[in-house]
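Going by our numbering, the sequence shown runs without a break in its numbering and finishes at 1007.
Yeah, the Cβ is synthetic: ideal placement off N, Cα and C, and Gly gets one too.
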Amino acid sequence: MAGEQIRNLRHELRTPINHIVGYAELLLDEPELPAGFRELLTLLGELARESLGAIASIVSDAESVEPDALSSLRAKVEQIEAAGAQARTLAPESATADLARISEAIARLESLVTDLETPGGSATLAAATQVEVDTSAPVVLVVDDDAANR
């Protein structure tokens, strides 16, 4: 039973990410694509491929996980999907950004979050903004972990 759940979960995670990779590649084939979009699509494709690698790693480790843990993981994936859907409704139609600096900052923050994570614990990196109040509001990066005393 657990093996089937793992296969289903892997499929549920990989399928939408593979679609992202495919659409990014299709759009990158457009000769008249503006440079800014090309950079974004390239970054999107790279991050999606990294996600596929992480999923493969997690799924291979998950075969030894108890069934209750799989239910928890599925709930978290559903929360991530819901947050993504909400984010898409709040996103402005266009934005100007220095992708290199943003990527570097997020990579550093992700590294810090990973370093903070305790065995058996969890840490989350999230981004939020008050778009419905102020369309020029800055994006706020939030780190949340379950470690008690640092």
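- By the beta-carbon neighbour count (other beta carbons within 10 angstroms, threshold 16), Ile959 is exposed.
- Across the set Ala964, Ala983, Thr981, the C-alpha of Ala964 shows the shortest separation from the C-alpha of Leu900.
- Distance from the CA atom of Ala892 to the CA atom of Glu861, rounded to whole angstroms, is 43 Å.
- Secondary structure at Leu904: helix, using DSSP grouped into helix, strand and coil.
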